[in-house]
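Taken in order, these protein sequences are the chains called A and B. Per the numbering used here, residue 26 is the first one in the first sequence, and the count goes up by one each step. Per the numbering used here, residue 1463 is the first one in the second sequence, and the count goes up by one each step. Built from N, CA and C at the ideal position, the CB exists for glycine as well. Okay, structure first, notes after.
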Amino acid sequence: MQRKVALAAIAALCIGLLALPARGGGAASVRAVWMEYDARYNTFWQQLKKEFEAANPGVTVDNVVVPWNEGHDRLVTWIAGNQAPDIAIVGTRWIIEFNKMDVVQPADTLLPKAFIDKFIQPALEARINGRLYGVPVALSARSLYYRTDLVKTPPQTWQDLLAAAREAAKSPGVYGIGVSGKKFAELTEYVYYLYGNGGDFFVTNPDGSYGRCRVNDAAGVEALQFMVDLANKDKVTEPNVGENDRGTLQDLFLAGKLAMIETGPWFGGMIQERAKTMPFAVAPMPHNQGKPQHTLLVTDSIIVFKSAKNKDAVVKFLEYAYRDGPRLEFDKDFGMLPTEKSVARDAYFQTDFYRPFIQQLPTAKPWPLTADWSKVEDVMWDAVTAALLNTKSAKAALDDACKEIDTARGIK
Amino acid sequence: MHARRSTRRGESSERRGAPETGAPLSHPARAGPHVSPGRGVIARAASRLTAEERLAVLFLCPALLLMAAFIFYPVGTTIVTAFGATDKLGRVRGFVGWGNFRALGADPAFWQIFRRTFLWTALGVTVKTSAGLAMALLLNLPFRGRKVARMLTVIPWAIPYPISAIVWQWTYNSQFGLLNQFLKSTGLWPHPPAWLAEPRTAFAANMAVDIWIGLPFFALVFLAGLQAISPEYYEAAAIDGAGVGARFVSVTLPFLRPVIVMGSLLSVIWTFNDFSVPYIVTKGGPMNTTDILVTHMYKTAFQFLDFGPASAIAVITFVTLLVFSLLYARLYFREVA
């Protein structure tokens, strides 16, 4: 009898364990994945969550903060395992890939027109075939930061840049300009030189779609050759460019070892926090003489996943998060440019620091929106590193890259 | 080994029969006539079991369920996916036969990574085994502070792999890292390389981290093996006039052999599959020259969303390690027998 009771108890326990619900029921919840901009990031979203939950009883927010470098792969893993969050911040360039998986809910089907009309035009990058798939959360353009004690006149062209780097590198323990050859979440530096030389990644077809890879044309090769020369011929960069990515280059600048670095608006806050006394200024991204000036424009967007169970709660949360107050606080905390017209008018952005960034927006170019971008970027990184390490010439590296990219994208 | 097994079986059957105890261990349902043919195979199988055995099966159930969910099902799905054409979510949309494997075979980058994985494993296991043995011999000697030394040995193994890898990534940094600072300031190497910037040094740097992390395991396992050897054997060998070298070759090594064989098999599997070190220290770079099969598989699946080829890489890794393990186990059990 005792044995039977024991068996029954064990069986009941097993069944009970198996029958446990995957998630607790009850209040509407929003599971949000935020890609980490810096150490204060978690605090920002936790504070917003606290305020939102106090203002909206019955709705909870579950914040998950993920480093940018791992964000894409983590999201893919969650999506593949049917565990996609309800909303997530993504690089806008990823949206087309996620959209191809049919997991993204068009934002304009959820949010009212008045909400979408708040944004400035360059920020609405996530518009695909007339539909808006992501709400802009961060906008940045890349600019040149320079040490005003080492560089007297801000360089406007590559030729000015080289001269300034040579001059600055004469100071002991200082390298002229940072160049990174280590893979990062985005193809830093090469894209600045490519766009600043009138180049592009793909031929644009008459219907607006992307055709063959074109980085191996004259503009693309000249851009890479300029970077290679900075590192290997003129030797005005930090040594061992292969070991640095954007993060470690920023550390080098903060440590006083770089005279110039090309990066985004968030870096101003980092300088003020970690190198308060460093004299610096910001200038528009230099371009090749005789070529039009273009810098890189990057947006990050919040996407809503189709699988989100409580879309009303999601909309409620987005409307709360997109009030001018939190948005201005977000831009201030993480050094982003404003994405909303009303926030852009704030006195905070009318300064010498922000002027070069905002001034470049009308001509700035975004990343190409293609579903195979992860592969393209990886191949491009290998090409840039190979040329910087002198494993291949700039031309050969980009020829090989184009061949591989076209094959990967199914272009014969 | 075989003898021990048969003893267990003997004990078991003895208990099962246990007529002398008179305890009615057999379930009434064991008798044929009580089982209706319609109850199926499971019922028939269950009817042949004693109550004790059924209890054992019941206890095994949760573990079996977990294994089915987390081992057999993923392995099976991966094998199916390896022969499939997949969408960006890894869902199989058709079958391509050996297509994914053929595509990998035609890719020179894959073969480079395949060869590099073998080099990585061979180097790592050889160094970890030999240095681990040397370390164990040292830690087995009586000296002041031996306990502290043994405790310190465990530290690299006790630290989570990703944390070690991140710490080493910074240690190697040529501008801010401790290693080059140390080499330069002591004059040991006035112009050390930027370890993670060049393919060869990056591979060596990754290898060193893998060895640093894995070495304590060998040292501890070998130390335990050494302590299990009775001092009488050494005394007898010494009486016979055997020197230190002869005692090591004729006493230590033969007694330690099963531990070395099993430890190195485990190390082959762990080193072959070591994801954390190459992925965190260099992310497989520069130019994928420190990628091994597992990092390549991860990138193929989760970065490029090519789940078919990624599953094919997983199957190749699985089969390679399975064949190796079977050969090794055969060798091991033949020796033990």
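Interface residue (Cβ-Cβ distance to chain B less than 8 Å): A:E268 is classified as such. Residues of chain B with a Cβ closer than 7 Å to the Cβ of A:S399 are, in chain order, Q1765 and F1766. Interface residue (Cβ-Cβ distance to chain A less than 8 Å): B:L1599 is not classified as such. At least one CB of chain A lies nearer than 8 Å to the CB of B:K1745. With fewer than 16 other Cβ atoms from the protein chains shown falling within 10 Å of its own Cβ, A:K357 counts as exposed. Taking C-beta separations shorter than 6 Å and ignoring five residues to either side along the sequence, the partners of A:G96 in its chain run M60, following chain order.
Sequence-distant Cβ neighbours of A:P311 in its own chain, meaning closer than 7 Å and more than five residues away, are L169, P180, Q181, T182, W183, D185, L186 and G221.
A:S418 sits in coil when the DSSP states are folded into three classes, being neither helix nor strand. The stretch 396-410 of chain A makes no contact with the stretch 1722-1741 of chain B: fewer than 3 CB pairs, one atom from each, lie closer than 8 Å. By the C-beta density criterion, A:A109 is buried, having at least 16 other C-beta atoms within 10 angstroms. Residue-level contact check: A:P264 touches chain B, since one or more beta carbons of chain B fall below 8 Å from its beta carbon.
Contact between the stretch 1625-1640 of chain B and the stretch 1700-1707 of chain B is absent, with fewer than three C-beta pairs closer than 8 Å. Sequence-ordered contacts of the stretch 1542-1569 of chain B with chain A read D1549, K1550, L1551 and G1552 [C-beta pairs closer than 8 Å]. Contacts with chain A at 8 Å (Cβ-Cβ) include B:Q1637. Counting C-beta atoms within 10 angstroms of its own C-beta, B:M1597 has 16 or more neighbours from the protein chains shown and is therefore classed as buried. Listed in chain order, the positions of the stretch 1648-1666 of chain B with a beta carbon within less than 7 Å of a beta carbon of chain A are A1656, L1658, A1659 and E1660. At the C-beta level, B:L1511 and B:V1519 come within 8 Å of one another. Identification of chain B residues near A:L277 by a Cβ-Cβ cut-off of 7 Å yields Q1637, ordered along the chain. Using beta-carbon distances, B:N1668 does not count as an interface residue toward chain A, since no partner is under 8 Å.
It is roughly 25 Å from the alpha-carbon of B:A1763 to the alpha-carbon of A:F227. Chain A has a Cβ within less than 8 Å of the Cβ of B:N1750. Look at the beta carbons and you see the stretch 409-422 of chain A touching the stretch 1736-1752 of chain B: at least three pairs across the two are nearer than 8 Å.
In the structure shown, the three-state DSSP call for A:I286 is strand. In terms of CA proximity to B:L1601, B:R1612 leads the group B:R1612, B:A1584 and B:S1592.
No Cβ-Cβ contact shorter than 8 Å links A:D127 with A:K208. Taking the Cβ atoms as the reference, A:F355 lies roughly 7 Å from A:F69, within the contact range of under 8 Å.
Contact with chain B is found for A:G206, since one of that chain's Cβ atoms lies less than 8 Å from the residue's Cβ.
Proximity of chain B to A:L414 at the Cβ level (cut-off 9 Å) is accounted for by A1659, E1660, P1661, P1748 and M1749, in chain order.
The beta-carbon of A:K125 is placed less than 8 Å from the nearest beta-carbon of chain B. Contact of A:E122 with chain B by beta-carbon distance below 8 Å involves K1550 and L1767. Contact between the stretch 1650-1660 of chain B and the stretch 1680-1692 of chain B is not established, with fewer than three Cβ pairs separated by less than 8 Å.
According to the DSSP assignment, A:N67 belongs to the alpha helix (DSSP H) that extends over Y66 to A80. Interface flag for A:A80 against chain B is unset, since no Cβ pair is found closer than 8 Å. Within the stretch 81-113 of chain A, the residues whose Cβ lies closer than 8 Å to any Cβ of chain B are, in chain order, H97, D98, V101, T102, I104 and A105. Following the DSSP letters along the chain, one finds A:F342 in no beta strand (DSSP E) but inside the alpha helix (DSSP H) bounded by residues K336 to A346.
In the three-state scheme derived from DSSP, where H, G and I count as helix and E and B as strand, A:I114 is classed as strand.
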